[in-house]
Each structure stands twice: as structure tokens, then as C-alpha cells.
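K.L.:
Straight run, no breaks: the sequence shown in numbering that gives the first Met the number 0 ends on number 492.
Every residue gets a Cβ at the ideal spot worked out from N, C-alpha and C, and that includes glycine.
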Amino acid sequence: MNSIVPRVRFAPSPTGELHVGNARTAFFNWLYARHYGGKLILRIEDTDQERTKKAFEDNLLEDLKWLSLEWDEGPEKNGAVGPYRQSERLELYDSFLKKLIKDEKVYPCYCTEEELELERTSLLSRKMAPRYMGKCRNLTEADRRKLEAQGRRPTFRFKVQPGLIEFQDLIRGAMKFEGEAIGDFIIVRSNGIPAYNFAVVIDDYFMGISTVIRGEDHLSNTAIQLMLYKAFGFTPPEFAHHSLILGKDRTKLSKRHGSVSVREFREKGILPEALLNYLALLGGSIGEGREMCSLEEIVESFSLSRAGKSGAIFDEDKLTWLNSLYIHNEAPDRLRAKLFPFIRKAGFNVDQLDAEWLEKMVDAVKPNLETLADIGSYMAMLADEQIRIGADAASLLREEEARAVIRALLQLLENDALPAEDSYPQLMTTLGKTAGVKGKKLFMPVRAALTGATHGPELDKIFALLGKKSVMKRLKKALALEESFSASATDPD
């Protein structure tokens, strides 16, 4: 059932949050469809009844929409080849099980988990690859009735024939697998639920999938699926197996490496366009020597032939750096809208903040933001009267030379109004002459006193945002800093 229009699919299982590795697979399929004018089908593989949760499916759909990876057919969309949840396609799978039983290409297997584990252990002890050795393949009807009388419910296994299974991978080239090394595999579990490879072949065929793009961990599944395509008399699709995302220790990216789900990066304040940009860079599918690319440029440049065969190292620091570039290039009004949820999360009511002040505040801190979530620390720095003084700032403010600068600034402000931004340089020049210091010895004490940090937005903008009353209050607090002050807090920056 191959189609002239390229048809690809993303087929996740809603058993957890969307992993960045799976998001990359979804992105590659989306890019392929958009590059070649094809269709992306979203299929929910929800046959794992114990682990599947509706909440995970809802989050999955939401995360894909957040990434702008809209699908053409699937849940919430119309389509001629649905339903698009495997749990709603069980009758179709059952009809093909009956066909294979009739054709004598499968057989019932009554082996228990304990028996299979013993067989596996035995093979490993003899330095042989684990596989099913066919214990139930030649059972008589009498044997089967006897086992069923004991209460055993069979799985169904496919009869693997000896010989090579070969296919041409669009990324990896010629691939070969030996059938005998695979062993007879389960296609339907004892509870009647189809196994992954069995359901996938039927779904991909009837949904007209022309190209299967997925991770290299599915290579051995492709050999199994090709046997089923042949048994059904189906024409198989093309296959492309991209590299996996690895941690810095070159093992498969997992929770022990840190954040791994799209939702975690959303909550950290990573922009969707930055995450997609970074995922496109992993593996080189858009070419070398590129960094910031628009989604349109990525679609235009995408090619499976350039996709790397080796594992791609996930570097969260590089992602964060790339994210900062997107933030710094974002239009002011769009950036403010994206920051509002994070400002609220930090405990501030956006609706009660002065709109003009908020606009100036975002403009002031924008060059310092690496993630949207960073806005929380700057709100605490500039909008909260109970300023937290970080360890480095506290240490600096205990030095007499720094305290002399603060006293001199306080005296200047008590004698005059807080200057406008354009006269700020004149104030600092006067302060430098009064205190007899310049450079960092002049600016750092002022920054530490006003923000509680040793790094941050430009001082002229800080003066304007705080206003004279708040500036003087903070200067006095800095002078009142006790030696016993706990310097355990870290700088917001």
C-alpha cells in the first residue's frame, strides 16, 4: 500500500514523558515530510496496558504542538486510515494472527518466564547469543491440550526460516542479519495483545507508510519486521536508522545524565526553536558549520544522506548557549509574553506590575538571560524589597574600601535626586573622585549593594529600575551588613 506522496510516521508509546531522543525522531520524520511534500502520521502505540497512561498521551500531544511538530493524520486529526491508536485496532491484528495460523507460519508457545530465563542463562553460559530454541515448535495436539489443561495460556511465535535477511538502509547502507540468530519470536502475547513488531508491520502497511525513520536501536527489529512483511505478502517500506543521542560518557542518554525529557527543558525555559535547532545539529543532518538556523532553513537543508551513523553527544551547556542566542534575538514584545509564565512561577503577579517598568526591566536583563527561567532571579533582584545578598557580594561588601564607596554614593544621593540614565556616567565620575577609586573597585561595590550579586545588568539601567527610594534603602542595608551574615546563598547570576 505504498503511496506516491511520501508518508512517514512517529509512533510513540505513552508510557512516560517525551524523551529528547524520541523528539529528535519525531523531528526527523517531520522534516522529511515537509522537505519532500509528504505527510506525517502520528500513531499512538498504547498496547502496554500496565504502563500506558492518558496523562502521558496528553503531555505528548502538547509537547509536539509546543515544538510546532504538527502531524497531518492521527489523534485530533481526520484521516482515512485510522483509528490511530493501536488499542483501537485489535480486531485487525487478530485477523492477521488467524491468517498466519492458517498458513502454519506461527505456533503456540507454552514456555513460562522461568523456563525462558533458564534457557537464556544456559545459552549465555556457553557464550551463545540468547534466542528461543524452538522447544514448543513441534508439539503435538495432545501435548498442547495437556499444557492447556495445566492452565498455561500460550503466546504465538513466528517460525523463523534460516537464511539472510538483507535490506538497504537510507543512512547506513547495506544491512544483513542471519535469521537463525534471531530465533522464533513472539507476535502475540498470552493475553492476546500483539507484540510490537507484529502490530507495527500491519499498521505501517495499512497506513501507507513509505519510509520508516527511527533510531538505530530498531535495526534488529527491522530484520524481524521484514520476515513478517514477506509472510503477509506486503511490500515493505524504505528504512532509515539514525544514530542515538548519547550522554558525555557515550552511553545512551538517560535520567542519570540530567534532563532528558522535552517537558523538563520546557520548564527550564528552553525555547522550542532552540531545542529543535540543537536536535537538528546533532548528527549533522543539516550539514556542518551551522549554528542558528530557522525552521525553514532546517527543512530546506535536511537530508538523511548527511545524517551521522555514530552516536551524537548531547551537551546541555551547548543547548543553553544556543538558547541564549535565541533569547537575545527575540523581539521585545514576544520575549515578554514568553517570560510572563516564568515571572508568575517566581511568585510575582504580572498584572499588578507596572507595564512600563516591566518593559524596561526585560530590556535590561535580556543580555544576561540564558533561559526563560532565569528571569525569576532577576525579578527577585529588582522587584523584591527583601533582596538576597549572595556569597561573593557579601564578601565584597565587608571590605572597608567597598564600604567607603557605598557611603560616598549614599551621601551624594542624599544631597541630590537620583540622576536620569543619561546622566548616570556623570554620577559615577563624581563618585569615583569622591571615593578615590575607579574601574571595578568603583562599580563592583555599587552592583553588589544594589543587586546582591557581582554580575548582572548594566548599572545605569539598575538605577533607573530601582528608583531613588529603593536604591538608598539597599545602600543602607549593605552598610548595615553584619559580620555574622550568612554568605551561603549564591549569586542569582
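Pull up the CB-CB distance for V470 and V436, whole angstroms please, since I reckon it's below 8 Å.
P.N.:
Not a contact, Cβ separation roughly 19 Å.
K.L.:
One question on the structure: do I201 and T154 come within less than 8 Å of each other, judged by their Cβ atoms?
P.N.:
The answer is no: Cβ separation not under 8 Å.
K.L.:
Counting only the same chain and skipping the five closest in sequence on each side, list residues whose C-beta sits under 7 Å from that of F347.
P.N.:
Cβ neighbours of F347 beyond the five flanking positions: M378, A382.
K.L.:
For H240, which beta-bridge partners are listed by DSSP?
P.N.:
Paired residues: R213.
K.L.:
Suppose you measure from the CA of A25 to the CA of L68; what does that come to, to the nearest Å?
P.N.:
Answer to the nearest angstrom: the Cα atoms are 8 Å apart.
K.L.:
Give every residue of the same chain whose Cβ lies closer than 7 Å to the Cβ of V298, excluding the five residues on either side of it in the sequence, and list them in chain order.
P.N.:
Counting only Cβ-Cβ distances below 7 Å, and skipping sequence neighbours, we find L30, R33, H34.
K.L.:
First and last residue of the beta strand (DSSP E) that includes K251?
P.N.:
It is not in any beta strand (DSSP E) - K251 carries neither H nor E in the DSSP assignment.
K.L.:
With a cut-off of 8 Å on the beta carbons, I'd call D391 and T453 a contact; round off their distance for me.
P.N.:
Yes, D391 and T453 are in contact; Cβ-Cβ is about 5 Å, under 8 Å.
K.L.:
Give the DSSP-derived three-state secondary structure of A379 in the structure shown.
P.N.:
Three-state result, A379: helix.
K.L.:
By Cβ distance below 8 Å, which residues in the same chain neighbour E75 in space, the five residues on each side in sequence not counted?
P.N.:
The answer, listed in chain order, is L60.
K.L.:
Just to confirm, are A434 and L441 a CB contact at a threshold of 8 Å?
P.N.:
Result yes, Cβ atoms of A434 and L441 sit closer than 8 Å.
K.L.:
Suppose the cutoff is 7 Å on Cβ atoms and the five residues either side in sequence are ignored; what does the same chain contact list for G15 look like?
P.N.:
These residues qualify, in order along the chain: F55.
K.L.:
Fully enclosed by the segment 267–350, which alpha helix (DSSP H) runs are 4 residues long or longer?
P.N.:
Those alpha helix (DSSP H) runs which fall completely within the segment 267–350 and span 4+ residues are 271–280, 294–300, 315–327, 331–344.
K.L.:
Just mark Q224 as buried or exposed, buried being the case when its beta carbon has 16 or more other beta carbons within 10 Å.
P.N.:
By the 10 Å Cβ count, Q224 comes out buried.
K.L.:
Under DSSP, the alpha helix (DSSP H) around Y204 begins and ends at which residues?
P.N.:
Start and end: 195–205.
K.L.:
Check E103 in the structure and name its three-state DSSP category.
P.N.:
Three-state result, E103: coil.
K.L.:
Measuring alpha carbon to alpha carbon, tell me which residue in G257, D102, R171 is nearest L245.
P.N.:
Selected option, being the one with the closest Cα: G257.
K.L.:
What whole-angstrom Cβ distance do L334 and K365 have, given they're in contact under 8 Å?
P.N.:
The pair is a contact, with the Cβ atoms about 7 Å apart (cut-off 8 Å).
K.L.:
With distances taken from CA atoms, which of C135, E118, R136, K134 is nearest A128?
P.N.:
Checked all of C135, E118, R136, K134; the closest Cα to A128 is E118.
K.L.:
Check whether the Cβ atoms of E49 and P11 sit closer than 8 Å, and answer yes or no.
P.N.:
No. Outside cutoff.
K.L.:
For K476 and M427, I'd like the C-alpha separation in whole angstroms.
P.N.:
Approximately 20 Å, taken between the alpha carbons.
K.L.:
When burial is assigned at 16 or more other CB atoms within 10 Å of the CB, is F157 buried or exposed?
P.N.:
Classification of F157: buried, given that the 10 Å Cβ count is 16 or more.
K.L.:
Just the C-alpha distance for V19 and Y106, rounded to the nearest angstrom, thanks.
P.N.:
Going by the C-alpha atoms only, they are around 39 Å apart.
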